């Protein structure tokens with residue numbers, strides 16, 4: 001879902017660049033509390049994981065594909081503040097090294113995927129946390145739903161930016177309908193990948209799952225036994 | 001400062017291997033079709049072999065070229081065919097260094113007190 005340069009006008013790019021900078025500053029401040037000797041390496045690996053999986057485009061329709069955004073993966077595994085930084089680092093590496101996503105569009109890409117995506121996923125995961133704490137199936141279901149909603153809501157970010165400063169080429173109604181339609185399909189793929197990833201980490205190391213932390217869930221008790 | 005336990009180290013090494021396999025191997029099987037957003041911005045245009053718009057009206061026509069040349073552009077090393085896996089591995093290592101470094105610097109140093 002990486003925007004190229006020029007899809008919206010310069011003032012809009014600048015506006016979202018400022019929003020991204022403010023958002024990331026807050027995230028850096030808040031992330032400290034969630035990072036220690038154990039979670040810092042985990043967050044680094046989760047970031048590399050998101051980069052790798054974003055390379056894997058899966059087909060959704062003839063001639064169209066989708067790839068993981070990763071908002072729910074990071075929100076559930078490392079929390080929203082660190083998670084937003086994870087996705088932002090991926091986006092910066094992609095824009096600078098791989099010409100994937102424009103440089104002037106970086107602010108919008110960060111707002112859509114790192115801020116809107118991650119915090120939407122985290123809000124859904126918090127709402128479903130009682131279910132996630134019940135058992136592994138509940139956690140996996142939470143991961144699926146959070147991932148699905150994250151993709152659809154993040155896609156609306158582009159619709160808003162196009163509405164504010166779109167340089168034309170298609171009507172807003174068409175953009176809205178196509179974005180939401182395609183990302184509903186992509187959201188299902190995102191949900192499956194996220195559910196599998198979170199399920200695998202929870203099976204091996206439930207103590208490394210941010211959403212389960214501070215709980216006396218059966219998942220954690222089971223995980224701490226030898 | 002407590003070093004991560006041996007159990008954590010084993011998990012992290014395993015995780016890194018999985019990530020490298022995805023970027024270095026599974027990436028060869030990725031779909032080359034445009035993603036959701038690109039499908040929307042290309043909608044209304046006829047595309048040539050390379051997927052660039054040649055006729056019609058669509059959002060992507062006004063998209064600019066990427067402002068920075070990179071030897072890894074479009075997930076290939078120097079544009080070479082069949083180099084997506086190598087580009088992916090380089091990207092994973094770059095991401096890991098940047099993210100791991102930043103998060104390690106940001107982490108709390110109060111060790112045991114930090115645990116719940």
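Residue numbers (this note's numbering), protein chains in the order written: chain A, 1 to 226; chain B, 1 to 116. Yeah, the Cβ is synthetic: ideal placement off N, Cα and C, and Gly gets one too. None of the values given here were measured: they were computed from a predicted structure.
Using Cβ-Cβ distances below 8 Å, what residues of the segment 14-45 of chain A are close to chain B? Within the segment 14-45 of chain A, contact with chain B at the beta-carbon level (separation under 8 Å) is assigned to 28, 31, 32, 33, 35, 36, 37, 38, 39, 40, 41, 42, 43, 44, 45.
As assigned by DSSP and simplified to three states, the class of residue 64 of chain B: Coil at residue 64 of chain B, not helix or strand.
Cβ-based burial, residue 47 of chain A [other Cβ within 10 Å; buried from 16]: Residue 47 of chain A should be labelled buried.
Under 7 Å by beta carbon: chain A residues contacting residue 100 of chain B: Result: 41, 44.
Mind checking the segment 19-46 of chain B against chain A and listing, in chain order, the residues whose C-beta falls within less than 9 Å of any C-beta there? Going along the segment 19-46 of chain B in chain order, one finds 19, 20, 21, 22, 23, 24, 26, 27, 29, 30, 31, 32, 33, 34, 35, 36, 37, 38, 39, 40, 41, 43, 44, 45 with a Cβ nearer than 9 Å to chain A.
Using the Cα positions of residue 7 of chain B and residue 41 of chain A, report the straight-line distance between them to the nearest angstrom. Rounded to the nearest angstrom, the two C-alpha atoms are 13 Å apart.
What does the alpha-carbon distance come out to for the pair residue 133 of chain A and residue 123 of chain A? Answer to the nearest angstrom: the Cα atoms are 16 Å apart.
Extract the residue ranges of the beta strand (DSSP E) inside the segment 42-68 of chain A, only unbroken runs of 3 or more that lie entirely within it. Segments of the beta strand (DSSP E) lying fully in the segment 42-68 of chain A: 58-61, 64-66.
So does the segment 184-204 of chain A actually touch the segment 72-79 of chain B, counting three or more Cβ pairs closer than 8 Å? Between the segment 184-204 of chain A and the segment 72-79 of chain B there are fewer than three C-beta pairs closer than 8 Å, too few to call the two in contact.
In the DSSP assignment, find the beta strand (DSSP E) that holds residue 47 of chain B and state where it starts and stops. For residue 47 of chain B, the uninterrupted beta strand (DSSP E) segment begins and ends at 45-47.
Quick one: residues in its chain with C-beta nearer than 8 Å to the C-beta of residue 89 of chain A, no 5 flanking neighbours on either side, listed in chain order? Within the same chain, residue 89 of chain A has close Cβ partners 47.
Do you know how far the Cα of residue 5 of chain A is from the Cα of residue 99 of chain A? When only Cα atoms are considered, residue 99 of chain A and residue 5 of chain A end up about 11 Å apart.
Where does residue 57 of chain B land, buried or exposed, given buried means 16+ other C-beta within 10 angstroms? Residue environment: residue 57 of chain B is assigned as exposed (fewer than 16 neighbouring CB atoms within 10 Å of its CB, all protein chains considered).
Member of A:64, A:206, A:39 whose CA lies at the smallest distance from the CA of residue 51 of chain B: With distances taken between Cα atoms, residue 51 of chain B lies closest to A:64.
Any chance you could list the alpha helix (DSSP H) runs of at least 4 consecutive residues sitting entirely within the segment 133-192 of chain A, in chain order? For the segment 133-192 of chain A, the continuous alpha helix (DSSP H) assignments of 4+ residues that do not extend past its boundaries occur at 136-165, in sequence order.
Under 8 Å by Cβ, that's how I've got residue 3 of chain A and residue 108 of chain A pegged, so tell me the actual separation to the nearest angstrom. Contact between residue 3 of chain A and residue 108 of chain A is confirmed by a C-beta separation of about 5 Å, below the 8 Å threshold.
With a threshold of 16 other CB atoms inside 10 Å of the CB of residue 52 of chain A, please say whether the residue is buried or exposed. The residue in question, residue 52 of chain A, is buried, as its Cβ has 16 or more Cβ neighbours within 10 Å.
What is the rounded straight-line gap between the Cα of residue 60 of chain B and the Cα of residue 104 of chain A? Their backbone Cα atoms lie some 15 Å apart in a straight line.
Counting beta carbon pairs with one atom in the segment 23-43 of chain B and one in the segment 72-79 of chain A, are three or more of them shorter than 8 Å? Counting Cβ pairs under 8 Å, fewer than three are found: no touch.
Residues of chain B with CB closer than 7 Å to the CB of residue 191 of chain A, please, in chain order. Under a criterion of Cβ atoms nearer than 7 Å, no residue of chain B is adjacent to residue 191 of chain A; the nearest Cβ is some 15 Å distant.
Report the rounded CA-to-CA distance for residue 66 of chain B versus residue 9 of chain B, giving the unit in angstroms. About 39 Å.
Residue 77 of chain B - DSSP class collapsed to helix/strand/coil: Residue 77 of chain B falls in the coil class under three-state DSSP.
Minimum Cβ-Cβ distance from residue 176 of chain A to chain B less than 7 Å: For residue 176 of chain A, no CB of chain B lies under 7 Å from its own CB, so it is not counted at the interface with that chain.
Grouping DSSP H, G and I as helix and E and B as strand, with all else coil, what is residue 32 of chain B? In the three-state reduction of the DSSP assignment, residue 32 of chain B falls in the coil class, being assigned neither a helical nor a strand state.
When the cut-off is 7 Å and only beta carbons count, does residue 182 of chain A lie next to chain B? Chain B contact via Cβ: present.
Return the bridge partner residues of residue 11 of chain A from the DSSP annotation. Bridge partners of residue 11 of chain A: none, in fact.
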